[in-house]
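Numbering (this note's numbering), first residue to last: 102 to 382.
By construction, the Cβ of each residue, glycine as well, lies at the ideal position given by its N, Cα and C atoms.
Because the structure is a prediction, the values reported are computed rather than measured.
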Amino acid sequence: MSENQEIMEQIADITAAEMLRTARTTGRRKREISTIAKTLCIREEFLQALEDGNYNVIPETVYILGFARNYAMELGLNPDEVVGKIKKELGLIKEEEKIEVSNVEQGKHKFVTKEDLKNYYSKILQYIKKNWKLLAGIFGGLLVVLIVILLVFSGNKKTVQPVETKTEVATTVSDPAFKLPVHERFGTKNREEARVILQAEKDSWVKIEDARGNSIFSLELVSGDVFYMPNGDKYKGTFGNVGAIDVWVDGTLLKKLGPANTRKTGISMSPDALKSVGIAE
């Protein structure tokens, strides 16, 4: 801390002019205004006006504050404190508008005025206007990154779809009350819709032909074998032992199509034609 600064702190409530004059004329380093004027390249009458508090001599406020700051630094005073006092004396700031902030480097307090804040915000706006392209690019880049992150995370989210539980209802095709246990089934693709069903009581060769005479089934059925006829009126049957075959139509057992151990051909396998044989007793 300078000698002049120590002296100023011992004097309370003095004006800026008194601070400057006391600092120049008190202590071991007394100096003449003319000498300081040459050092600072400031007219002597302006420095004298600052010491007298006669600020009207200096044409512009900006010069008053500028000269006072340089003069205070030359005399070893706190320039912010001197300038703050002059602003107050000139009515540039009011007491209630002072905002006291900590000055860590000097261990002092300095006052920030509304004007200082306006200047600060003005500098920010000037910087934005000057560098708006750069700032827009940065903002756009950040926006793109944010969108990409949102897309990545939303893509990783698995939507849990409700699992539809299909209850399979087992379709049971009711066979007629066969006389014998079923040994083997043939023509099962027709089972659900077959109106005519054959079962061999004893071994017998069976051949079924369509309207063109093409064989659709030809096999020797053994006791208990079952054959499900395709639906339609166009089929003809040939039996090596017609009396060994039980014929069921729409779930009803019919009479035998012929005597046992008898070969019979060209029998219409139409349900209605078969029914004409009559129902078994």
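Legend entry - Distance, Y156 Cα to A395 Cα: Summary: the structure shown does not reach residue 395, with the chain confined to residues 102 through 382, and so no result is reported for it.
Legend entry - For R132 and H210, the rounded distance between their alpha carbons: Here residue 210 refers to the residue found at position 109 of the sequence shown. Here residue 132 refers to the residue found at position 31 of the sequence shown. Because H210 sits at a pLDDT of 44, beneath the cut-off of 50, its placement in the model cannot be relied upon, and the following sentence gives the value as read from the coordinates. Straight-line Cα distance between these residues: approximately 28 Å.
Legend entry - Start-to-end residues for the alpha helix (DSSP H) that takes in T162: Translated into positions along the sequence shown, residue 162 becomes position 61. Note, T162: alpha helix (DSSP H), T162 to E175.
Inset, instruction - Determine the extent of the alpha helix (DSSP H) in which D373 is found, giving its start and end residues. - result: Within the sequence shown, numbered from 1, the residue matching residue 373 stands at position 272. Start and end: P372 to K376.
Inset, instruction - Please list, in chain order, all residues of the same chain as S324 whose beta carbon is under 7 Å from its beta carbon, the five residues on each side excluded. - result: Here residue 324 refers to the residue found at position 223 when the sequence shown is read from its first residue. Cβ within range, chain order: L281, H284, A301, E302, K303 and D304.
Inset, instruction - Since I believe A124 is in contact with L178 (beta carbons under 8 Å), could you give me their beta-carbon distance rounded to a whole number of angstroms? - result: Taking the sequence shown and counting its residues from 1, one reaches residue 178 at position 77. Taking the sequence shown and counting its residues from 1, one reaches residue 124 at position 23. Going by Cβ atoms, the distance from L178 to A124 rounds to 6 Å, so yes, they are a contact pair.
Legend entry - Beta-carbon separation (whole angstroms), V348 vs K365, contact threshold 8 Å: Sequence index remark: in the sequence shown, residue 348 carries index 247 (1-based). Sequence index remark: in the sequence shown, residue 365 carries index 264 (1-based). Their Cβ separation, rounded to whole angstroms, is 12 Å, which puts V348 and K365 out of contact at 8 Å.
Legend entry - Backbone CA spacing between S316 and K356 [nearest angstrom]: Along the sequence shown, one-based indexing puts residue 316 at 215. Along the sequence shown, one-based indexing puts residue 356 at 255. Between S316 and K356, the C-alpha separation is close to 25 Å.
Legend entry - From A345, V327 and Y336, residue whose alpha carbon lies closest to that of L375: For the purposes of this step, residue 375 is taken as the residue at position 274 of the sequence shown. Minimum Cα distance to L375 is reached at Y336.
Legend entry - Backbone secondary structure at F340 - three-state DSSP: Here the question's residue 340 lines up with position 239 in the sequence shown. Strand, per DSSP.
Inset, instruction - May I ask you to report which of helix, strand or coil DSSP gives K209? - result: Along the sequence shown, one-based indexing puts residue 209 at 108. At K209 the pLDDT is 45, less than 50, meaning the model places this residue with poor confidence; the figure from the coordinates comes in the next sentence. K209 falls in the strand class under three-state DSSP.
Inset, instruction - Alpha carbon to alpha carbon, how far is A237 from L243? Give it in angstroms, no decimals. - result: The count along the sequence shown starts at 1 and reaches residue 243 at position 142. The count along the sequence shown starts at 1 and reaches residue 237 at position 136. Cα to Cα, the separation comes out at about 10 Å.
Legend entry - Short Cβ contact (8 Å threshold) for L299 with I346: Here residue 299 refers to the residue found at position 198 of the sequence shown. Here residue 346 refers to the residue found at position 245 of the sequence shown. For L299 and I346, yes; Cβs fall inside 8 Å.
Legend entry - Residue from G341, G359 and A312 whose Cα sits closest to the Cα of S393: The structure shown does not extend to residue 393, since the chain is modelled only from 102 to 382, so the question has no answer here.
Inset, instruction - With DSSP as the reference, label K308 as helix, strand or coil. - result: Here residue 308 refers to the residue found at position 207 when the sequence shown is read from its first residue. K308: strand per DSSP, three-state reduction.
Legend entry - Best match in I380, N220, I225 and G352 for proximity to A295 [C-alpha to C-alpha]: For the purposes of this step, residue 295 is taken as the residue at position 194 of the sequence shown. Nearest option by C-alpha distance: G352.
Inset, instruction - State the Cα-Cα distance for the pair G288 and G359, rounded to the nearest angstrom. - result: Taking the sequence shown and counting its residues from 1, the one referred to as residue 288 is at position 187. Taking the sequence shown and counting its residues from 1, the one referred to as residue 359 is at position 258. Each residue's alpha carbon lies about 23 Å from the other.
Legend entry - Contact check, L421 vs E152, beta carbons under 8 Å: Lying before the first or after the last residue shown, residue 421 is absent from the chain, which here runs from 102 to 382.
Legend entry - Between the CA atoms of R129 and T116 - distance to the nearest angstrom: Looking up residue 116 in the sequence shown gives position 15. Looking up residue 129 in the sequence shown gives position 28. One C-alpha to the other measures close to 22 Å.
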